[in-house]
Amino acid sequence: MGVILESRNDALDYNNAYTGQDHQSEGGSSWLFAVTAVFFVSFLAVAALSFKPRNGERIFHYLFTIALLTGTIAYFSMASGLAYRLISQANSDNNDIRQIYWGKYAFWAVAFPVVITALDLLSGVSWATIVYHVALSWIWVASYLFSAFTDTHYKWGFFVFGSLAWLLLSLSTLTSGRRGASRLGVSGHYFALAGFVNFLWFLYVLAFALTDAGYQIRVPGTHIWFGILDLLLVPVLAFAFVFLSGRWDYGRLNLHFTQFGRVPQHPGTFPEKVAPGVGATTTGPAGTTAGVGSGVGHHGVGHAGVGSDPAYTGTHGTNAAPVQQAV
């Protein structure tokens with residue numbers, strides 16, 4: 001029985017990951033492998049569901065498929081005892097060496113922009129706003145990475161810079177994003193999703209201050225905390241977007257670029273351009289005056305008279321004088 005129950009997780013031994021005073025544990029590695037499995041199964045599910053939407057409404061499926069696959073790779077690397085660096089901790093009395101796993105920061109650099117882009121597409125904000133939000137998320141993640149890799153108290157300067165970017169991002173998503181969602185009639189869904197995301201982001205800031213920055217929580221506890229947050233932020237949010245997107249009108253959300261064959265054909269919405277040199281041709285009623293006109297742009301040919309009526313030939317929109325001919 002002891003042989004049957006013997007642990008099979010020897011990844012840390014195989015990769016020599018028991019380095020530093022504060023390092024990963026076997027239980028922590030097993031937890032990260034479990035998170036990896038959840039990410040991978042979620043990736044397969046969302047990828048499979050991307051074949052179901054009608055008329056190419058797959059933009060949210062595509063976004064979260066990228067984030068889920070990236071999360072699978074990142075968590076597999078951390079569970080295997082890879083993707084870390086040894087950093088001396090300034091907040092430790094003995095300057096303990098801690099394993100700083102940069103794999104999660106690489107994942108956040110992909111996952112945060114995916115979540116932000118999904119929220120912004122739902123709210124209908126401009127592309128400039130989307131770029132602004134994505135840039136803020138990268139500044140946030142990069143600043144925290146610099147903070148984690150700094151072995152002096154100057155790490156708190158990077159923490160402040162990153163937290164400022166997070167604050168600007170949160171305020172913008174909760175103000176301009178909600179106004180845009182109200183105009184599109186999806187304010188209820190947007191407020192619920194954006195509120196959920198911003199609550200998680202606040203927990204990310206708190207968790208970082210107590211783990212990689214403040215050295216108050218050891219590496220195994222750090223992985224448990226961030227593992228839970230990442231599961232809530234990406235897999236849970238992915239399924240929320242996938243299932244709620246079936247209720248949204250992609251036309252009203254101005255997401256026609258994600259579709260094929262479902263662009264509305266209402267007059268004036270997407271007017272066709274008239275090729276140069278081609279105009280409308282009309283034939284007038286039969287009678288004393290029979291008119292045949294052909295227009296090229298703003299140029300037109302007037303009525304041709306029959307009998308005693310004169311024919312008038314003119315050009316509209318030009319300075320050419322009218323010419324009368326007797327027929």
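Residue numbers (the UniProt record's numbering): 1 to 327.
Idealized CB from N, CA, C, for every residue including glycine.
Range of the contiguous alpha helix (DSSP H) that encloses residue i
| i | result |
| --- | --- |
| S42 | 26–49 |
| G124 | Unbroken run through G124: none, as it is neither H nor E. |
| residue 329 | Nothing in the structure corresponds to residue 329, since the chain is present only between 1 and 327. |
Span separating the alpha-carbon of residue i from that of residue j
| i | j | result |
| --- | --- | --- |
| S30 | T211 | 20 Å |
| F161 | S143 | 6 Å |
| W140 | N15 | 31 Å |
| residue 336 | G221 | Beyond the ends of the chain as shown, which are 1 and 327, falls residue 336; an answer cannot be given. |
| T36 | S80 | 11 Å |
| G27 | G124 | 44 Å |
| S88 | H153 | 11 Å |
| W248 | F43 | 22 Å |
| S163 | A17 | 31 Å |
| L145 | A118 | 24 Å |
| S176 | H189 | 15 Å |
| T65 | N94 | 43 Å |
| R178 | F158 | 30 Å |
| W156 | F241 | 35 Å |
| D96 | A192 | 42 Å |
| I217 | S92 | 12 Å |
| A111 | R8 | 31 Å |
| G246 | I73 | 29 Å |
| L122 | K52 | 20 Å |
| F33 | R183 | 43 Å |
| G180 | S25 | 46 Å |
| F149 | A106 | 14 Å |
| F76 | R252 | 40 Å |
| Y84 | M78 | 8 Å |
| I130 | I59 | 15 Å |
| D13 | L82 | 11 Å |
| L69 | G185 | 32 Å |
| A238 | Y250 | 18 Å |
| A48 | Y62 | 11 Å |
| K104 | D120 | 24 Å |
| V219 | L255 | 43 Å |
| A45 | L244 | 16 Å |
| W201 | W108 | 11 Å |
| A67 | V114 | 7 Å |
| V38 | F226 | 14 Å |
| S50 | L229 | 25 Å |
Bridge partner(s) assigned by DSSP for residue i
| i | result |
| --- | --- |
| Q99 | L86 |
| D22 | R98 |
Reduced DSSP secondary structure (H/G/I, E/B, other) of residue i
| i | result |
| --- | --- |
| D151 | coil |
| residue 344 | Residue 344 lies beyond the stretch modelled for the chain, which goes from 1 to 327, so this question has no answer here. |
| P53 | coil |
| W225 | helix |
| S80 | coil |
| N91 | coil |
| Y14 | helix |
| L253 | coil |
| S170 | helix |
| W248 | coil |
| R8 | coil |
| R218 | coil |
| R58 | coil |
| Y213 | Note that residue 213 corresponds to Ala in the displayed sequence, not to Tyr. Reduced to three states, the DSSP call for A213 is coil. |
Below-9 Å beta-carbon distance, residue i vs any chain D residue
| i | result |
| --- | --- |
| L229 | Of the protein chains in the structure, only one exists, and it is not chain D. |
Closer than 8 Å: residue i CB and nearest the ligand NAD heavy atom
| i | result |
| --- | --- |
| Y132 | The ligand content of the structure shown is nil, which means the ligand NAD is not present either. |
query: Below 8 Å, can you find three or more Cβ-Cβ pairs linking the stretch 230–249 to the stretch 170–178?
result: no
query: Within the chosen definition, does the stretch 187–200 reach the stretch 151–167 through at least 3 CB pairs nearer than 8 Å?
result: no
message: For the pair the stretch 121–136 and the stretch 94–102, tell me if three or more CB-CB distances fall below 8 Å.
response: no
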